[in-house]
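Undergrad: Using the numbering used here, the letters of the sequence shown map in sequence onto residues 13 to 317. Glycine residues also receive a C-beta, built at the ideal position from the N, C-alpha and C atoms. Take a look at the following structure, please.
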Amino acid sequence: MLINYISFIKHGFYIIILINKDMPFKKDLNLSECFRIVDDQLILSEKYKQDFGKKFKKITGSRFPTILGINDFSTPFMEWLKMVNLYYETMDPILSKAGVVIEPKVRDYVMKKFKINYKSYEPTQVGFDLFKDNQIFGGIPDGEPVDEDGNLLYDQDHPMLEIKTTSIDKLSYKKVDGSLRMMTDESGLPIVKAKREKYLEWYDENHQIQVKKEYVLQLSLYLYLRNAKYGRFGVIFLRPEDYQNPDAIDLNQRLIDVVDMKLERSSIESYIEQATKWYQDHIIKGISPKMNRSDKEFLKLHKII
Numbered sequence: 013m014l015i016n017y018i019s020f021i022k023h024g025f026y027i028i029i030l031i032n033k034d035m036p037f038k039k040d041l042n043l044s045e046c047f048r049i050v051d052d053q054l055i056l057s058e059k060y061k062q063d064f065g066k067k068f069k070k071i072t073g074s075r076f077p078t079i080l081g082i083n084d085f086s087t088p089f090m091e092w093l094k095m096v097n098l099y100y101e102t103m104d105p106i107l108s109k110a111g112v113v114i115e116p117k118v119r120d121y122v123m124k125k126f127k128i129n130y131k132s133y134e135p136t137q138v139g140f141d142l143f144k145d146n147q148i149f150g151g152i153p154d155g156e157p158v159d160e161d162g163n164l165l166y167d168q169d170h171p172m173l174e175i176k177t178t179s180i181d182k183l184s185y186k187k188v189d190g191s192l193r194m195m196t197d198e199s200g201l202p203i204v205k206a207k208r209e210k211y212l213e214w215y216d217e218n219h220q221i222q223v224k225k226e227y228v229l230q231l232s233l234y235l236y237l238r239n240a241k242y243g244r245f246g247v248i249f250l251r252p253e254d255y256q257n258p259d260a261i262d263l264n265q266r267l268i269d270v271v272d273m274k275l276e277r278s279s280i281e282s283y284i285e286q287a288t289k290w291y292q293d294h295i296i297k298g299i300s301p302k303m304n305r306s307d308k309e310f311l312k313l314h315k316i317i
């Protein structure tokens, strides 16, 4: 769910949240009725859990590494805020559009190259979750291998697909209302901060591509939930003009790297156990992880503390 703004105001001993109509709170709701802060943790009120607990979010592939503390751009506390619907973070519209337009093209590219049929899902049609029988973990893979009849077909020659779109250059961003937004020039072209720097982050000294641990965990979770072993990353490196006009991209003129992985179930079980305990301790009980320094700065920015 997307919002345009969140504005927090202190009123004496009470903290008021002003929200737009898309948020699950009533306007001018007193946050002291939603939670209290004790020892650097937010503790949700019983009333809040009763009223909104059914809408608390599950651990998806993208949330999985974050709640484990394996994310350079977010924290377990920030993810908790979003999972219990206290805070909504909007995605950069430029990045969002590029992903929506280009990811299907990459999926088609991989299908044609490896002669595999991949099924993709419209999130709204599957309730944003393919794993409804699981009370803790959920989400939607980017592509699932299927046979001619549309049945799932997982084996070494038919791996699950995870697509990553990344800039070849390091681009400039600024914070707007607490969220990062890509900076562009007057023509709408992204402003480059350092040429080819993002590309170099993906490769080691031997020029071999190295998929970040957080992305490996993301794909690993979905493989685990499907009881499958084999996964495949399709990584495309975008140029600035691709963000300006993603519909015009020519994949034949772009670098696309494919990386295969094999999941040993034993290698992820400890992460699953850790994430399960995290969910029970923080989502079910309604008690946030401990705030770190950046979390406190975020709350101060929005005048929560």
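Taking the straight line between their C-alpha atoms, what separation do you get for Phe37 and Tyr215?
TA: Confidence in Phe37 is poor, its pLDDT being 32 and thus under 50, which makes the residue's placement unreliable; the coordinate value appears in the next sentence. Approximately 45 Å between the Cα atoms of the pair.
Undergrad: What span of residues does the beta strand (DSSP E) with Ile55 cover, start to end?
TA: 53 to 56
Undergrad: Are the CB atoms of Tyr242 and Pro171 within a distance shorter than 8 Å?
TA: yes
Undergrad: Tell me Glu174's beta-bridge partners as DSSP assigns them.
TA: Phe245
Undergrad: Does DSSP classify Tyr100 as helix, strand or coil?
TA: coil
Undergrad: So does the segment 80 to 98 actually touch the segment 290 to 300, counting three or more Cβ pairs closer than 8 Å?
TA: yes
Undergrad: Per DSSP, Thr196 forms a beta bridge with which residues?
TA: Pro202
Undergrad: Could you give the residue range of the beta strand (DSSP E) that holds Val158?
TA: 156 to 158
Undergrad: How would you label Glu174, buried or exposed, when you count the other beta carbons within 10 angstroms and need 16 or more for buried?
TA: Within a 10 Å sphere around the beta-carbon of Glu174 sit 16 or more other beta-carbons, which makes this residue buried.
Undergrad: By alpha-carbon positions, which one of Lys186, Lys127, Thr102, Tyr133 ends up nearest to Asp159?
TA: It is Lys127 whose Cα lies nearest to the Cα of Asp159.
Undergrad: Should Pro301 go down as buried or exposed, given a rule of 16 or more other Cβ atoms within 10 Å for buried?
TA: buried
Undergrad: Between the segment 153 to 167 and the segment 202 to 222, do three or more beta carbon pairs fall short of 8 Å?
TA: no
Undergrad: Which stretch, first to last residue, makes up the beta strand (DSSP E) that contains Val270?
TA: 268 to 274 is the span of the beta strand (DSSP E), which, as asked, contains Val270.
Undergrad: Which same chain residues end up closer than 6 Å to Met273 when comparing Cβ atoms and leaving out the 5 residues on each side of it in sequence?
TA: Excluding positions up to five away in sequence, the list reads Gly243.
Undergrad: Are the CB atoms of Asn304 and Phe89 within a distance shorter than 8 Å?
TA: The Cβ atoms of Phe89 and Asn304 sit closer than 8 Å to each other.
Undergrad: Excluding the five sequence neighbours on either side, which residues of its own chain have a C-beta within less than 6 Å of the C-beta of Val118, listed in chain order?
TA: Excluding positions up to five away in sequence, the list reads Ile175, Gly246, Ile248.
Undergrad: Would a C-beta distance cut-off of 8 Å place Leu275 and Asn146 closer than the cut-off?
TA: no
Undergrad: In whole angstroms, what is the alpha-carbon distance linking Met103 and Met194?
TA: 10 Å
Undergrad: Give the secondary structure of Leu142 by DSSP, where H, G and I count as helix, E and B as strand, and everything else as coil.
TA: coil
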